[in-house]
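K.L.:
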Amino acid sequence: MKKIIFIIILTTSLYAKSKDSCYSVQLISFPANAIDKLKVENPQDCQIVTIKTSSSIRCGCKETFQESKQDLQYFKVDYPNAIVTLTYKHRFKNLTLEQEKPYLKTKKPKIILSSEDPNILTLLNTKSTKVAETKDDNRFNTSPVIVDKKDKNKTDIYFHIRAMDAKGLQKVNDTRITNQELIARIGLRHKHTLSDNLLFDIDIRAIYEYINFKNISDTNAYIELKRLSLEVPIVFNTPLSAKIGRMSVRDKRTWWYDNQLDMLKLFYNTTLFSWDLSAGGRLSDEHANAGDQRVSSKGAKYLIAHLDYHYYYNHHFESFATYEDNGQDKNEIENMNIYSKLSWLGFRALGEFNKKFHYWVDMAYVNGKTQSLQYESDDNNIPTPAGIKDIAVSGFGFDTGGIYKSDYFGFGFGYAYGSGDSNDKSSQNIFLQPNISNNKTTMIGTTRYRYYGEMLDPQLSNINIISLYAGLHLYDNLWLEGNYHKYAQQVASSQLRASNLPIQTNGTNKDIGQEVDFILGGKFKNRTEGQLILSGFFRGDAFEKVSQKKEGYRAIIDYKIYW
């Protein structure tokens with residue numbers, strides 16, 4: 002892991018400011034083939050810069066990031082999407098660093114359209130309606146975080162209610178698994194600029210939770226501190242930023258991580274290249290069900306490194322390195338919090354063509370030590386837990402797919418693979434995802450859900466998943482989506498790593514089954530978000546002689562509102 006961090010630091014040094022570069026304010030970026038549709042006045046201060054197939058309008062040439070940031074506040078009044086970026090001086094034919102007076106503001110340009118291109122008009126629009134959104138909505142955004150004094154104090158009060166009812170499979174000689182949940186949250190989130198270079202962020206909420214599992218119910222009411230952090234947006238007059246405290250960590254597809262952790266984070270962000278490096282864990286996590294995380298993260302330790310290279314217009318290449326120590330001791334059968342110390346290396350490619358087709362490829366390799374449940378067959382040949390075994394793991398995971406989306410409908414496909422091995426070996430060729438992964442994002446519509454299936458919700462381990470996605474645009478931001486998933490084990494095993502189906506497979510057949518999900522959801526202009534999910538799982542041969550019921554169902558209603 003130390004070697005990985007060294008490589009990251011070495012790589013980022015290649016992108017540091019050199020003598021022949023300066024900091025500019027980038028007003029908008031657009032495909033290079035649209036360059037003939039606009040022109041820029043005030044050419045002495047601003048020009049159109051083209052790099053490969055991406056063009057942008059850049060203004061000014063400042064020696065320090067701080068000076069360019071002062072220009073940024075001036076430009077953001079008319080161009081709210083403006084950012085600070087690094088520019089090579091030779092790209093400015095009429096402007097050099099020596100000619101630019103540091104105490105003079107760069108003149109604002111006037112952008113004139115020669116044709117009514119809706120894509121360019123959208124980029125130039127200064128008054129856009131805000132809707133309730135998440136980080137996942139900005140799928141391809143790599144702009145640096147800059148303090149805007151107009152948003153010096155931002156406070157939101159929100160209410161979130163989620164109800165779930167599920168009926169699972171029925172184990173032979175046992176009652177059917179049933180589960181009901183009701184979770185209500187009311188919270189306050191506040192962002193405040195303490196100074197020109199210090200941001201404060203807090204999100205605190207009161208939670209009521211009712212859970213009924215197999216007719217055994219429990220209720221909880223408590224206060225949760227979701228986020229509490231301080232951020233320095235500009236370190237050493239560079240695009241380097243630092244953040245400390247409890248913060249949200251989420252990759253674009255939550256295939257690697259999606260949680261709130263107590264971290265120290267460094268991140269470097271420009272238009273084409275960014276990286277972040279985080280270290281920390283979770284100091285307290287008594288209520289694992291309050292969020293989306295699979296298990297409690299209390300006591301866990303993490304190192305996370307991430308690189309993102311915007312190599313082509315709306316196309317990204319990312320690399321990941323993650324270390325996870327889940328903070329658990331080696332356990333006996335009575336304690337189900339299994340010990341693990343694992344490391345991952347991987348990469349991702351994702352992007353979009355013409356804003357209609359987007360694709361993704363995720364690949365990862367895992368290595369380390371953990372524990373595995375061991376099973377024995379009882380008198381009815383049903384696998385039952387018999388102990389916990391220490392194992393060394395090394396395995397490979399892969400996920401790819403594509404989505405076509407128009408204004409009226411969308412459809413797509415996905416294929417995911419997690420290597421698997423026999424459960425009785427002490428060294429296994431098996432892939433495991435990090436405990437803080439979530440496998441949840443937007444696919445066609447505007448709301449997030451689990452793209453491997455809401456009912457089964459499997460971890461990508463010893464499994465093949467074939468998925469089909471379809472969506473219909475009903476009204477405004479409201480979409481109806483329907484998904485199909487087919488599951489099969491790589492190696493027949495009596496252990497199925499799935500969070501919503503606590504019945505193990507028979508260990509002799511690979512066919513897990515199939516699932517159909519329907520999602521009705523949308524985000525609306527009055528800052529509300531609603532979602533209805535209906536999910537059905539239909540067992541395969543892997544549950545023969547283990548389960549009496551052949552199907553399971555799950556229904557979810559989710560509603561959020563912000564004030």
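Per the working numbering: the sequence shown = residues 2 to 564.
C-beta: ideal position from N, C-alpha, C; glycine also.
Please report the straight-line C-alpha distance between residue 509 and residue 543, rounded to a whole angstrom.
P.N.:
Stepping through the sequence shown from its first residue, residue 509 is reached at position 508. Stepping through the sequence shown from its first residue, residue 543 is reached at position 542. The alpha-carbon atoms of residue 509 and residue 543 are separated by roughly 7 Å.
K.L.:
Excluding five sequence neighbours on each side, which residues of the same chain lie with their C-beta closer than 8 Å to the C-beta of residue 445?
P.N.:
Residue numbering aside, residue 445 sits at position 444 when the sequence shown is read from its first letter. The residues are 404, 406, 411, 412, 413, 470, 471, 472, 480, 482.
K.L.:
Could you tell me whether the Cβ atoms of residue 559 and residue 501 are closer together than 8 Å?
P.N.:
In the sequence shown, the residue the question calls residue 559 occupies position 558. In the sequence shown, the residue the question calls residue 501 occupies position 500. Against a cut-off of 8 Å, the Cβ pair of residue 501 and residue 559 comes out as no contact.
K.L.:
For residue 388, count neighbouring Cβ atoms within 10 angstroms of its own Cβ and tell me buried if that reaches 16, exposed if not.
P.N.:
As a first step, residue 388 must be located in the sequence shown, where it is residue number 387. Residue 388 comes out exposed.
K.L.:
Look at residue 172 and residue 492 and say whether their C-beta atoms are less than 8 Å apart.
P.N.:
Counting from 1 along the sequence shown, the entry for residue 172 is found at position 171. Counting from 1 along the sequence shown, the entry for residue 492 is found at position 491. No.
K.L.:
Is residue 163 helix, strand or coil by DSSP?
P.N.:
Here residue 163 corresponds to residue number 162 of the sequence shown, with the count starting at 1. Strand, per DSSP.
K.L.:
Using DSSP bridges, identify the partner residues of residue 233.
P.N.:
Mapped onto the sequence shown, residue 233 falls at position 232. Paired residues: 243.
K.L.:
From residue 460 to residue 561, what does the alpha carbon distance come to, in whole angstroms?
P.N.:
In the sequence shown, residue 460 corresponds to position 459, counting from 1. In the sequence shown, residue 561 corresponds to position 560, counting from 1. Cα to Cα, residue 460 sits roughly 27 Å from residue 561.
K.L.:
Could you tell me the distance, in whole angstroms, from the CA atom of residue 515 to the CA atom of residue 488?
P.N.:
As a working note, residue 515 is residue 514 in the sequence shown. As a working note, residue 488 is residue 487 in the sequence shown. Approximately 6 Å, taken between the alpha carbons.
K.L.:
Residues in its own chain within less than 6 Å of residue 554 by CB, not counting five upstream and five downstream?
P.N.:
As a first step, residue 554 is located in the sequence shown; it is residue number 553 there, counting from the start. So the list reads 168, 537, once near-sequence residues are dropped.
K.L.:
Could you check what DSSP says for residue 75 in three-state terms: helix, strand or coil?
P.N.:
Here residue 75 corresponds to residue number 74 of the sequence shown, with the count starting at 1. Residue state, collapsed to three classes: helix.
K.L.:
Residue range of the beta strand (DSSP E) that residue 279 falls in?
P.N.:
The sequence position of residue 279 within the sequence shown is 278, counting from 1. Where residue 279 is concerned, the enclosing beta strand (DSSP E) stretches over 274–282.
K.L.:
Per DSSP, residue 177 is paired with what?
P.N.:
Residue mapping note: residue 177 aligns to position 176 of the sequence shown, counting from 1. Residue 177 is bridged to 171.
K.L.:
Which residues mark the beginning and the end of the beta strand (DSSP E) in which residue 480 is found?
P.N.:
For the purposes of this step, residue 480 is taken as residue 479 along the sequence shown, with counting starting at 1. Run containing residue 480: 479–489, per the beta strand (DSSP E) assignment.
K.L.:
Can you name the start and end residues of the beta strand (DSSP E) that residue 562 belongs to?
P.N.:
Taking the sequence shown and counting its residues from 1, the one referred to as residue 562 is at position 561. Element bounds for residue 562: 552–563.
K.L.:
Near residue 185, which residues of its chain fall below 6 Å by C-beta distance, leaving aside the five closest residues on each side in sequence?
P.N.:
Position 184 of the sequence shown holds residue 185. Result list for residue 185: 162, 209, in chain order.
K.L.:
Is residue 66 helix, strand or coil by DSSP?
P.N.:
As a working mapping, residue 66 is identified with position 65 in the sequence shown. Residue state, collapsed to three classes: helix.
K.L.:
Residue 471 by DSSP, collapsed to three states: which one?
P.N.:
Counted from its first residue, the sequence shown places residue 471 at position 470. DSSP places residue 471 in strand when its eight states are reduced to three.
K.L.:
From residue 323 to residue 267, what distance separates their C-alpha atoms?
P.N.:
As a position in the sequence shown, residue 323 is number 322, starting the count at 1. As a position in the sequence shown, residue 267 is number 266, starting the count at 1. Going from the Cα of residue 323 to the Cα of residue 267 covers about 15 Å.
K.L.:
Are there 16 or more other CB atoms within 10 angstroms of the CB of residue 87, so buried, or fewer, so exposed?
P.N.:
Along the sequence shown, one-based indexing puts residue 87 at 86. With 16 or more other Cβ atoms within 10 Å, it is buried.
K.L.:
Can you find the residues in the same chain that come closer than 6 Å, C-beta to C-beta, to residue 531, ignoring five residues on each side of it along the sequence?
P.N.:
Position 530 of the sequence shown, counted from the start, is the residue given in the question as residue 531. If we look at residue 531 and ignore the five residues flanking it on each side, its Cβ neighbours are 560.
K.L.:
Alpha carbon to alpha carbon, what distance is there between residue 217 and residue 327?
P.N.:
Counted from its first residue, the sequence shown places residue 327 at position 326. Counted from its first residue, the sequence shown places residue 217 at position 216. The straight-line gap from Cα to Cα measures roughly 29 Å.
K.L.:
What's the gap between the Cα of residue 139 and the Cα of residue 237?
P.N.:
Residue 139 sits at position 138 when you count from the first residue of the sequence shown. Residue 237 sits at position 236 when you count from the first residue of the sequence shown. Confidence at residue 139 is low in this model, with a pLDDT of 40, below 50, so its placement is unreliable and no value can be given for it.
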